[in-house]
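Numbering (the working numbering), first residue to last: 226 to 342.
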C-alpha cells in the first residue's frame, strides 16, 4: 500500500486499485481453443469483473485452426476449435489474438515481434 500525502487528507492507493485502473493495468486472459480451458477462462473473467477488473484482451494460444494444417487428422481437430474461437470472440473478448501452434516456441523479443508481423 502506498500513501500519498495531500494537503487536505491522506490518499491511499491499494494494489487492487492499481489493478482496477485501466490506465495502469491491462489484464490479458490466455487460453487454448479447447472446451475446459475456455470455460475456466470465462470463469476467471467473471471473477475479475466482480472485482472491478475488466480484461483488456484474450489470447487463444497454440491454435491448430490458425496453423492451417494439411493433415486430415489435424484439419478435423482444427475444425473443432472454430466454435470455441467464435464463442470467445462473440461472447467474451473485446479484443482477441489468435496464435498458431508452432513447431518451436517463440522465445525472445525478436521471435515475438516476428509473430506480430
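Virtual Cβ for every residue (Gly too), placed ideally from N, Cα, C.
> Closest to residue 276 by CA distance: which of 340, 329 and 242 is it?
Replying inline: 242
> If you draw a straight line from the C-alpha of residue 299 to the C-alpha of residue 320, how long is it?
Replying inline: 26 angstroms
>> I'd like to check one pair, residue 288 with residue 258: are the Cβ atoms closer than 9 angstroms?
In response: yes
> So residue 284 is in the beta strand (DSSP E); what residue range does that whole segment cover?
Replying inline: 280-288
>> List, from N- to C-terminal side, the alpha helix (DSSP H) runs of 4 residues or more that fit wholly inside the stretch 314-341.
In response: 334-341
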